[in-house]
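Asks: Encoded as structure tokens, here's the structure I'll be asking about.
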Amino acid sequence: MGMKAISAARLFDGTHYHHDAALIWNNDVIEAILPIAELPSDIEHQHYANALIAPGFIDLQVNGGGDVMFNSDISASAIETICHAHRKHGTAYLLPTLISSTPQDISQALTATEQAIEAHVPGVIGVHLEGPWLSKEKKGAHNAELFYSPTINDLADFPWPKQAKVLVTAAVENMSDETLDWLQQQGVTLSCGHSNATAAQLTPRKLSRIDGFTHLFNAMSAFEGREPGVIGTALHTDHAWCSIITDGIHVHPNNVMLAQKVKPAGKLLIVTDAMATLGSETNRFELDGQVIEVIDNKLVNSEGRLAGAHIGMDESVANVIAWGIDEAEALRMASTYPAQAMNLTQLGQLKPGYRAAATVLSNDYQSQAVLVDGQLL
Ligand SMILES: [Zn+2]
957 MGMKAISAAR LFDGTHYHHD AALIWNNDVI EAILPIAELP SDIEHQHYAN
1007 ALIAPGFIDL QVNGGGDVMF NSDISASAIE TICHAHRKHG TAYLLPTLIS
1057 STPQDISQAL TATEQAIEAH VPGVIGVHLE GPWLSKEKKG AHNAELFYSP
1107 TINDLADFPW PKQAKVLVTA AVENMSDETL DWLQQQGVTL SCGHSNATAA
1157 QLTPRKLSRI DGFTHLFNAM SAFEGREPGV IGTALHTDHA WCSIITDGIH
1207 VHPNNVMLAQ KVKPAGKLLI VTDAMATLGS ETNRFELDGQ VIEVIDNKLV
1257 NSEGRLAGAH IGMDESVANV IAWGIDEAEA LRMASTYPAQ AMNLTQLGQL
1307 KPGYRAAATV LSNDYQSQAV LVDGQLL
């Protein structure tokens, strides 16, 4: 591939802004950020007028896209389709997310993701297992008949991948301390979600095993005066990050702003929770035999319950900026912080030595192009 460059009026590297700047990379590694005027004349170079170059967006919760649900097509080619659909909305990397499923499907998801990474499918960095170790009281659109509390032997039977990062969302009140220890020893990132725990059930030992909380405010026990619930505990647990859906439907904008005030810097990050309808012409799909469709921009199942979101990362970023979050912080919530949450030390910033990944946005935050591992897509 050799040396290439993109440039724009503004470039945000994750910490600082650069004006009339170019991002130069060699193969799949960032080489430098230079003023456009200093670019070597022989370099292959694409300029984006009236645009902003930011660290490539990373979405830790993507159930589908491009008319494909990962749950319905658990394969490397489905992952490729989903990554392609989400690039239209600025996502450089994502975790295909398996909604509660059978042990057989979980094994297939772990294997398919590892295969996609081995095949260098652009944009996949791992897999998110959302359940089936969840709370029936907070099932959301999941099929509660699939829920169970696993033993270490149950967990050890799965083909845990070597290269793919793994994020597990579990209702930790239903998991033994030993299984949480075991997951942590496997290098799994653990997030508490779809949980009906009381604050007392989220013991210091359990909290010490949790890296984050999944889609803050949604599918978790409420915050009340005498009972912090999962919401209060998530807001109060400084070491744990919180992912949040910023479509303006799942969470009231004021609650997003409240979480942003309360969580320490770097601990609030954007996820889309997008489904097959993103980047697709159709507005309905099936999950576990039930039809889910877009009605008034909301994805709902036949009971009218919210079933994932119909939004991309670029719109999610635009929303939080419109609600009052500073642009630099919004861009970090979509890239730097999810990279940190998953321990992706070479992503989330535009710095020499980092993986060549960037999102190019128009002035109204629509994705113009995405750079993934040195490929401009
Ligand atoms: Zn969920």
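Just so we're aligned: the sequence shown equals residues 957 to 1333 in my numbering. Just so you know, even glycine gets a beta-carbon here, dropped at the ideal spot from N, CA and C. A quick note: this is a predicted structure, and the numbers were derived from the prediction, not measured.
With a Cβ-Cβ cutoff of 8 Å, do Glu-1287 and Phe-968 count as a contact?
Replies: Reading off the sequence shown, one finds Leu at residue 1287, where the question assumed Glu. It is a contact, given that the beta carbons lie within the stated cut-off.
Asks: Quick one: is Asn-1019 buried, meaning 16 or more other Cβ sit within 10 Å of its Cβ, or exposed?
Replies: buried
Asks: Tell me which residue opens and which closes the alpha helix (DSSP H) that Trp-1279 is part of.
Replies: 1269-1279
Asks: Could you check whether the region 1141-1159 touches the region 1081-1097, counting it as contact only if at least three pairs of C-beta atoms, one from each stretch, sit closer than 8 Å?
Replies: yes
Asks: Write down every uninterrupted run of the beta strand (DSSP E) in the region 1089-1143 whose length is 3 residues or greater and which is fully enclosed by it, in chain order.
Replies: DSSP runs (the beta strand (DSSP E)) wholly in the region 1089-1143: 1121-1126.
Asks: Helix, strand or coil: how does DSSP classify Asn-983 here?
Replies: coil
Asks: Starting from Tyr-1321, trace the beta strand (DSSP E) both ways and give me its first and last residue.
Replies: No beta strand (DSSP E) contains Tyr-1321, which DSSP labels as neither H nor E.
Asks: When you compare only the Cα positions, how much space is there between Ile-1035 and Pro-1078?
Replies: Each residue's alpha carbon lies about 10 Å from the other.
Asks: Grouping DSSP H, G and I as helix and E and B as strand, with all else coil, what is His-1042?
Replies: Note: His-1042 maps to helix in three-state DSSP.
Asks: Can we count Thr-1170 as close to ligand 1, meaning its CB is less than 7 Å from some heavy atom?
Replies: yes
Asks: Please say whether Ala-1007 and Ala-965 have beta carbons closer to each other than 8 Å?
Replies: Yes. Within cutoff.
Asks: Could you please give the first and the last residue of the uninterrupted alpha helix (DSSP H) stretch that includes Lys-1162?
Replies: 1160-1165
Asks: I'd like to confirm something about Gly-1096: is its beta-carbon nearer than 7 Å to some heavy atom of ligand 1, or not?
Replies: yes
Asks: Among residues of its own chain, excluding the 5 on either side of Ile-999, which ones have a beta-carbon nearer than 8 Å to its beta-carbon?
Replies: Met-959, Lys-960, Ala-961, Ile-980
Asks: Do the CB positions of Gly-1264 and Ala-1230 come within less than 8 Å of each other?
Replies: Less than 8 Å divides the Cβ of Gly-1264 from the Cβ of Ala-1230.
Asks: Between which two residues does the alpha helix (DSSP H) containing Lys-1217 stretch?
Replies: 1209-1218
Asks: Could you tell me the distance, in whole angstroms, from the CA atom of Ser-1033 to the CA atom of Ala-1072?
Replies: Straight-line Cα distance between these residues: approximately 8 Å.
Asks: Among residues of its own chain, excluding the 5 on either side of Glu-1134, which ones have a beta-carbon nearer than 7 Å to its beta-carbon?
Replies: Ile-1108
Asks: With respect to 7 Å, is the separation between the Cβ of His-1266 and the closest non-hydrogen atom of ligand 1 below this value?
Replies: no
Asks: Give the DSSP-derived three-state secondary structure of Pro-1059 in the structure shown.
Replies: helix
Asks: Work out the CA separation of Val-1128 and Met-1213 for me, nearest whole Å.
Replies: 26 Å
Asks: For His-974, I'd like the list of residues in its chain whose CB is within less than 6 Å of its CB, leaving aside the five on either flank, ordered along the chain.
Replies: Leu-967, Ile-989
Asks: How about the region 1258-1273 and the region 1194-1211: do they share at least three Cβ pairs that are nearer than 8 Å?
Replies: yes
Asks: What would DSSP say about Ile-1030, mapped onto helix, strand or coil?
Replies: coil
Asks: Using a Cβ-Cβ cutoff of less than 7 Å, which residues in the same chain neighbour Asp-984 once the five nearest sequence positions on both sides are dropped?
Replies: Arg-1311, Ala-1312, Asp-1329, Gly-1330
Asks: Three-state secondary structure (DSSP) at Arg-1240?
Replies: DSSP, read as helix, strand or coil, puts Arg-1240 in strand.
Asks: Are there three or more Cβ pairs, one per stretch, closer than 8 Å when the region 1165-1176 is compared with the region 1239-1246?
Replies: no
Asks: In chain order, what residues of the same chain have a beta carbon less than 8 Å from the beta carbon of Asp-1320, not counting five sequence neighbours either side?
Replies: Ala-1274
Asks: Tell me Pro-1011's beta-bridge partners as DSSP assigns them.
Replies: Ala-1314
Asks: Compute the beta-carbon to beta-carbon distance between Gln-1324 and Leu-1317, rounded to the nearest angstrom, for a pair I have assumed lies under 8 Å.
Replies: 6 Å
Asks: With a CB to CB cut of under 6 Å and the five nearest residues on each side skipped, what residues in its chain are close to Thr-1125?
Replies: Glu-1086, Ser-1147, Gly-1149, Thr-1170
Asks: Take His-1206 and list the residues in its own chain whose beta-carbon comes closer than 6 Å to its own, dropping the five residues that flank it on each side.
Replies: Cβ neighbours of His-1206 beyond the five flanking positions: Asn-1174.
Asks: With a CB to CB cut of under 6 Å and the five nearest residues on each side skipped, what residues in its chain are close to Val-1186?
Replies: Ser-1151, Ala-1153, Met-1176, Ser-1177
Asks: Cβ atoms of Leu-1224 and Met-1298: under 8 Å apart, would you say?
Replies: For the pair Met-1298 and Leu-1224, the CB atoms are not nearer than the 8 Å cut-off.
Asks: Could you name the residues of the same chain whose beta carbon sits closer than 6 Å to that of Tyr-1104, not counting the 5 residues immediately before and after it, in chain order?
Replies: none
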